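The structure appears right after this line, and notes come after that.
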Amino acid sequence: MDTVLHGRIRLATASLAGCFGCHMSLLDIDDHLFELAELVEFDRTPFTDIKQVGDCDIGLIEGGVCNAENVHVLREFRRRCRTIVALGACAVNGGLPAQRNHLDLGALLEEVYHTSPAAGKGLVPNDPELPLPLDKVHPMHEVVRVDYFLPGCPPSAEAIWSLLSDLISGHTPMLGRGLIRYD
Ligand code: SF4
Numbered sequence: 004m005d006t007v008l009h010g011r012i013r014l015a016t017a018s019l020a021g022c023f024g025c026h027m028s029l030l031d032i033d034d035h036l037f038e039l040a041e042l043v044e045f046d047r048t049p050f051t052d053i054k055q056v057g058d059c060d061i062g063l064i065e066g067g068v069c070n071a072e073n074v075h076v077l078r079e080f081r082r083r084c085r086t087i088v089a090l091g092a093c094a095v096n097g098g099l100p101a102q103r104n105h106l107d108l109g110a111l112l113e114e115v116y117h118t119s120p121a122a123g124k125g126l127v128p129n130d131p132e133l134p135l136p137l138d139k140v141h142p143m144h145e146v147v148r149v150d151y152f153l154p155g156c157p158p159s160a161e162a163i164w165s166l167l168s169d170l171i172s173g174h175t176p177m178l179g180r181g182l183i184r185y186d
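Written out as structure tokens, the structure is:
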């Protein structure tokens, strides 16, 4: 995306099928948060509660893609953000949510909402306002082009800050020794 943005770097973040642990790790950059606040303007993120993503320099996204709303949000981020980062294991390879991929979705919903004793013979939710679940949980790169991948569950605050500060200063991210982890 060839957007010319003026002033401070605009940063957007979102959680798709994730647990917000990657966002918590971002908050864990501690004192660097003050630096970050000086360097960027936050666009759509759970921190601002802005609901629609605008034109941004960087989009950080955690979580796999498990339903139609996730696809919509991710495509919007890809359309509006010059650089997209898949943040954490769920975004990179589906992570924990993708553990349902070896099960049949219909049977799974039946079990959770109808069959299991805890469900009390409930009904599978079918309100048209609910986002349609996908058969499988997908990593982000199967839906949109991703510029950078940061693995880890979650990635450490140090790794997130290293990547972010490189991007903000216009450099290709180069993570130092020990910052890339897969656990
Ligand atoms: S990678 Fe781990 S911490 Fe991040 S959203 Fe997924 S489960 Fe949560």
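Just so you know, we're using my numbering here: the sequence shown kicks off at 4 and counts up by one.
Just so it is clear, CB atoms sit at the ideal spot from N, CA and C, and this is done for glycine as well.
Quick caveat, the model's predicted, so the values are computed rather than measured.
- Taking 7 Å as the cut-off, one finds no heavy atom of the ligand SF4 near enough to the beta carbon of Leu166.
- About 11 Å separates the Cβ atoms of Leu14 and Ile53, ruling out a contact at the 8 Å cut-off.
- Ranked by Cα distance from Glu113, the first of Pro128, Leu99, Gln102 and Ala101 is Pro128.
- For Phe23, no beta strand (DSSP E) run applies, since DSSP gives it neither H nor E.
- In the structure shown, Gly179 adopts coil according to DSSP, grouped into three states.
- For Ser172, the secondary structure class from DSSP, reduced to helix, strand or coil, is coil.
- Proximity of the beta carbon of Glu65 to the ligand SF4 is indicated: a heavy atom of the ligand is located closer than 7 Å.
- In this structure, the CA atom of His117 is about 16 Å from the CA atom of Asp130.
- Annotated three-state conformation of Asn73 is helix, per DSSP.
- Taking the Cα of Asp58 as reference, the smallest distance to any Cα among Leu90, Ser172, Gly10 and Leu153 is reached at Gly10.
- Annotation: Cys84 to Ala160 spans about 22 Å, alpha carbon to alpha carbon.
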